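Contents: one structure, followed by commentary.
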Amino acid sequence: AQSVTQLDSHVSVSEGTPVLLRCNYSSSYSPSLFWYVQHPNKGLQLLLKYTSAATLVKGINGFEAEFKKSETSFHLTKPSAHMSDAAEYFCVVSGDTGFQKLVFGTGTRLLVSP
Amino acid sequence: DVKVTQSSRYLVKRTGEKVFLECVQDMDHENMFWYRQDPGLGLRLIYFSYDVKMKEKGDIPEGYSVSREKKERFSLILESASTNQTSMYLCASSLIAGGRHNEQFFGPGTRLTVL
């Protein structure tokens, strides 16, 4: 069965420094992978998705992620953090059924200090 | 712009009450989902529906039921609310065409407190 591990529950960075949120996945199929962001008291918003095309995926707000099959990883990066990036981030893998289920990681809370 | 709306942002109910959470999407999506979100556990799937009147159990269906009478509306029902159902509930929808590549679109969530 598909699964996702987010390696850090919390990540703290200073404004203007790079962001790295780590994600490893397990899948018996060629997966689709997603990153979602959730700002406080809001629903989830799609940041980016990988669907077996280019391995480097660019998303909204300057985020990008690289699919590495050999490492079963899909880490999220941003060159320079902004205060508005403070939120919870979820790494997500497609399920292995025909009903488009998604399997969510437990989330990484990104804290950005001035 | 795509939109998923949920009937309440905050809800407080008493133990034993029957609770209805409503979700409406305006994107003509076939699939609809109900999740609960708890700190440290991420999102866990309660039920989903791939068509009107069709439903499938997710990972944690116990204590919940659902109803989908119209394509745009998906209701989550707590038959007899209990304190361990205090949580954030998120509704989502997605297309069937394109299969596993399709992202889900989320509503703003309902924070339910059961006293």
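Just so you know, the sequences run in chain order A and B. In this text, residue positions in the first sequence follow my numbering: the first is 1, and each later residue adds one. In this text, residue positions in the second sequence follow my numbering: the first is 1001, and each later residue adds one. Yeah, the Cβ is synthetic: ideal placement off N, Cα and C, and Gly gets one too. Computed from a predicted model, the values in this text were never measured in an experiment.
Relative to B/Lys1003, the option among B/Ser1093, B/Arg1014, B/Leu1078, B/Glu1103 whose CA is nearest is B/Ser1093. A/Phe90 has a beta carbon lying within less than 8 angstroms of a beta carbon in chain B.
If you draw a straight line from the Cα of A/Leu111 to the Cα of A/Gln45, it comes to about 18 angstroms. Interface annotation, A/Leu44: in contact with chain B, CB-CB separation under 8 angstroms. When DSSP states are grouped into helix, strand and coil, B/Thr1113 belongs to the strand group. In this structure, B/Gly1063 sits away from B/Gln1037, with a CB-CB distance that is not shorter than 8 angstroms. Straight across, the Cα-Cα distance linking A/Pro40 with B/Lys1055 is about 30 angstroms. What A/Gly105 touches in chain B, judged by beta-carbon distance under 8 angstroms, is Gly1042, going in chain order.
Ranking B/Lys1057, B/Val1024, B/Ile1046 by CA distance to the CA of B/Ser1008 puts B/Val1024 first.
Rounded to the nearest whole angstrom, the CA to CA distance from A/Ala87 to A/Leu21 is 12 angstroms. The beta carbon of B/Leu1076 does not come within 8 angstroms of any beta carbon belonging to chain A, so the residue lies off that interface.
DSSP lists no beta-bridge partner residue for B/Glu1017.
Distance from the CA of A/Thr17 to the CA of A/Ala81, rounded to the nearest whole angstrom, comes to 6 angstroms. Within the region 19-66 of chain A, the complete beta strand (DSSP E) runs of at least 3 residues fall at 19-21, 23-26, 33-38, 44-50, 56-58. In the three-state scheme derived from DSSP, where H, G and I count as helix and E and B as strand, B/Thr1083 is classed as helix. For the options A/Gln2, A/Ser9, A/Val37, the alpha carbon positioned closest to that of A/Asp85 is the one of A/Val37. By the Cβ-count criterion, B/Met1027 is exposed, with fewer than 16 other Cβ atoms from all chains shown falling within 10 Å of its own Cβ. Under the 10 Å beta carbon count, B/His1029 is surrounded by 16 or more other beta carbons and is classified as buried. From the beta-carbon of A/Phe34, the residues of chain B found nearer than 7 angstroms are Glu1103. According to the DSSP assignment, B/Glu1069 belongs to the beta strand (DSSP E) that extends over 1064-1070. Among the CB atoms of chain A, one or more fall inside 8 angstroms of the CB of B/Leu1045. Collapsing the DSSP output to three states places A/Ser84 in a helix.
Judged by DSSP secondary structure, B/Lys1055 falls within the beta strand (DSSP E) whose first and last residues are 1054-1057.
Taking B/Glu1079 as reference, the option from B/Phe1048, B/Glu1022, B/Val1066, B/Pro1039 with the minimal CA-CA separation is B/Val1066.
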